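Chemist: Please see the structure below; I have some questions.
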Amino acid sequence: MKTICKYFVLILLMILSARASSQDHNEKIDSLVNLLTKAGREWNDYSIPLIEIGEPAIPALVEAVKDRSLSQWNRRISAMTLNSIHSPLWVQPALEILFDPTEDPVLRNQVTAGLKGFDLAEVKDRLWYLFNEESNEYYKSNLANLLMTADTSLAYKAFKELYNTCDGHVQRGALMNIVMIRPGESTSWFLKGIQLDDWMTSNLAMDSLVTSDYFDADDLISVYNERTTGEGVKWRIVYILGNRDEPESIPLLIEALQDESWLVHTEAAVGLCNFEPEQVVPEMTKLKNDSRNYVRNNSRWVIHKIK
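2 is the number of the first residue of the sequence shown in the working numbering; add one for each residue after it.
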């Protein structure tokens, strides 16, 4: 009997200890969230420990985000903390904020980071409606990213619109997502990209075509030979062809070596050095005595480098 009593006492002590530990844990969470709701620039001092605690901190943080008596700054840093925890428990509250037109626009945009990667198929129509209603390109870009896990056909339409109407980071991100959704169209999209005036997107497209598994040299050669193709686009095409193992592009590189543009013929010379000597040297030998000085110099330089 005494053994049974000791056993029950031990169980009781363990239960009481667990409750005390849980109470201490909850008090720690409440204290950190309370400090976060009053924080300024030092907010990471409270946010990082809450992120480490993880899901147990979510209810208190959600309550803080929803508290409209708080400053927008403190609501936003609470949302950023929840985004970093990135739990399914944050999805529904985040959607409620996202779809509430009376909410702070910056906060609505902020919660999109916490929704990335989750299955949002059930709200795809609402996301698409919001995308079409919004005018801010960065907010639209975030919504388009959410459509990736909601409906890829709608995501494709969204990124296509962003690609055609934006530039810089937004256009570049749109391009990469387009080819992620439809990799078979990558050559076509990247080829359009290298012809853009925006250097960020055109450089991205150029580098992507160097490494792309979906590639057709004839498409690039066709653009190169168009009468209206400018020096910059020709240079990009020569760079791409010179950095891929595509022997069928050697004739174009030899043609580019004779282009009047210093940018084009210099890049062609560098690119030709990446091929096997027997594929290049005979043609360079023919050009060693060309009447144009830059052609003679470039052909001799290629022979010197490649042998």
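Idealized CB from N, CA, C, for every residue including glycine. Predicted model, so just to flag it, every value in this text is computed and none were measured.
Identify whether residue 158 lies in helix, strand or coil by the three-state DSSP scheme.
Modeler: Looking up residue 158 in the sequence shown gives position 157. Of the three classes helix, strand and coil, the one that applies to residue 158 here is helix, per DSSP.
Chemist: Buried or exposed, going by whether 16 or more other CB atoms sit within 10 Å of the CB of residue 141?
Modeler: Taking the sequence shown and counting its residues from 1, one reaches residue 141 at position 140. That one is buried.
Chemist: Within 8 Å, do at least three Cβ pairs link the segment 146-158 to the segment 117-133?
Modeler: These segments touch.
Chemist: Contact check, residue 191 vs residue 213 under 8 Å by CB: the rounded distance?
Modeler: Here residue 191 is taken as the residue at index 190 of the sequence shown, counted from 1. Here residue 213 is taken as the residue at index 212 of the sequence shown, counted from 1. So it is a contact: roughly 7 Å between Cβ atoms.
Chemist: Can you give me the C-alpha to C-alpha distance between residue 44 and residue 96, rounded to a whole angstrom?
Modeler: By one-based count along the sequence shown, residue 44 stands at place 43. By one-based count along the sequence shown, residue 96 stands at place 95. Cα to Cα, the separation comes out at about 24 Å.
Chemist: Do you know offhand how far residue 307's Cα is from residue 202's?
Modeler: Mapped onto the sequence shown, residue 307 falls at position 306. Mapped onto the sequence shown, residue 202 falls at position 201. Rounded to the nearest angstrom, the two C-alpha atoms are 32 Å apart.
Chemist: Going by beta carbon distance, what residues of the same chain come within less than 7 Å of residue 333, once the five residues before and after it are set aside?
Modeler: Outside the shown range of the chain, which is 2 to 308, sits residue 333, and nothing can be said about it.
Chemist: Tell me which residue opens and which closes the alpha helix (DSSP H) that residue 191 is part of.
Modeler: As a working note, residue 191 is residue 190 in the sequence shown. Start and end: 187-194.
Chemist: Is residue 125 near residue 163, with beta carbons less than 8 Å apart?
Modeler: Position 124 of the sequence shown, counted from the start, is the residue given in the question as residue 125. Position 162 of the sequence shown, counted from the start, is the residue given in the question as residue 163. No.
Chemist: Can you list, in chain order, the residues of its chain with a C-beta nearer than 6 Å to that of residue 1? Leave out the 5 residues immediately preceding and following it.
Modeler: The structure shown does not extend to residue 1, since the chain is modelled only from 2 through 308, so no value can be given for it.
Chemist: Would you report the Cα separation of residue 252 and residue 284, rounded to the nearest angstrom?
Modeler: Within the sequence shown, numbered from 1, the residue matching residue 252 stands at position 251. Within the sequence shown, numbered from 1, the residue matching residue 284 stands at position 283. Those two C-alpha atoms are separated by around 9 Å.
Chemist: Tell me the DSSP secondary structure of residue 23 in three-state form.
Modeler: Looking up residue 23 in the sequence shown gives position 22. Note that residue 23 scores 45 on pLDDT, short of 50, meaning its location in the model is unreliable and no value can be drawn from it.
Chemist: Helix, strand or coil for residue 132 per DSSP?
Modeler: Translated into the one-based positions of the sequence shown, residue 132 becomes position 131. In the structure shown, residue 132 sits in a helix (DSSP, three-state: H, G or I).
Chemist: Straight-line CA distance for residue 217 to residue 51?
Modeler: The residue given as residue 217 occupies position 216 in the sequence shown. The residue given as residue 51 occupies position 50 in the sequence shown. The straight-line gap from Cα to Cα measures roughly 51 Å.
Chemist: Quick one: Cα of residue 135 to Cα of residue 175, how far?
Modeler: Translated into the one-based positions of the sequence shown, residue 135 becomes position 134. Translated into the one-based positions of the sequence shown, residue 175 becomes position 174. Rounded to whole angstroms, residue 135 to residue 175 spans 16 Å at the Cα level.
Chemist: In the structure shown, what three-state DSSP assignment does residue 17 receive?
Modeler: Counted from its first residue, the sequence shown places residue 17 at position 16. Residue placement at residue 17 is flagged as unreliable, the pLDDT there being 43, under the threshold of 50; the coordinate-derived value follows with that caveat. Residue state, collapsed to three classes: helix.
Chemist: Using a Cβ-Cβ cutoff of less than 7 Å, which residues in the same chain neighbour residue 221 once the five nearest sequence positions on both sides are dropped?
Modeler: The count along the sequence shown starts at 1 and reaches residue 221 at position 220. Once the five neighbours on either side are set aside, the close Cβ partners of residue 221 are 192, 238, 241 and 242.
Chemist: Taking the alpha-carbon positions, what's the residue 263 to residue 255 distance?
Modeler: By one-based count along the sequence shown, residue 263 stands at place 262. By one-based count along the sequence shown, residue 255 stands at place 254. Between residue 263 and residue 255, the C-alpha separation is close to 14 Å.
Chemist: Between the C-alpha atoms of residue 160 and residue 184, what's the straight-line distance to the nearest angstrom?
Modeler: Position 159 of the sequence shown, counted from the first residue, corresponds to residue 160. Position 183 of the sequence shown, counted from the first residue, corresponds to residue 184. Approximately 14 Å, taken between the alpha carbons.
Chemist: According to the neighbour-count rule (16 or more other Cβ atoms, all chains shown, within 10 Å of its Cβ), is residue 25 buried or exposed?
Modeler: The residue labelled residue 25 in the question sits at position 24 within the sequence shown. Low local confidence applies: a pLDDT of 48 at residue 25 is under 50, so the model's placement there is unreliable, with the coordinate-based value given in what follows. When all chains shown are included, residue 25 counts as exposed.
Chemist: Beta carbon of residue 115, beta carbon of residue 83: below 8 Å?
Modeler: What you label residue 115 is simply residue 114 of the sequence shown in a count that begins at 1. What you label residue 83 is simply residue 82 of the sequence shown in a count that begins at 1. Contact: yes.
Chemist: Just how far apart, CA to CA, sit residue 248 and residue 233?
Modeler: Taking the first residue of the sequence shown as 1, we reach residue 248 at position 247. Taking the first residue of the sequence shown as 1, we reach residue 233 at position 232. Those two C-alpha atoms are separated by around 23 Å.
Chemist: For residue 49, count neighbouring Cβ atoms within 10 angstroms of its own Cβ and tell me buried if that reaches 16, exposed if not.
Modeler: Counting from one through the sequence shown, the residue named residue 49 turns up at place 48. Per the 10 Å Cβ criterion, exposed.
Chemist: Closer than 7 Å by C-beta to residue 92: which residues in its own chain qualify, once you throw out the five before and the five after it? Chain order, please.
Modeler: To locate residue 92, count along the sequence shown from 1; it is residue 91. Closer than 7 Å at the Cβ level, and outside the excluded window around residue 92, lie 116 and 119.
Chemist: By Cβ distance below 7 Å, which residues in the same chain neighbour residue 182 in space, the five residues on each side in sequence not counted?
Modeler: Working through the sequence shown from its first residue, we reach residue 182 at position 181. Correct list, in chain order: 153, 156 and 157.
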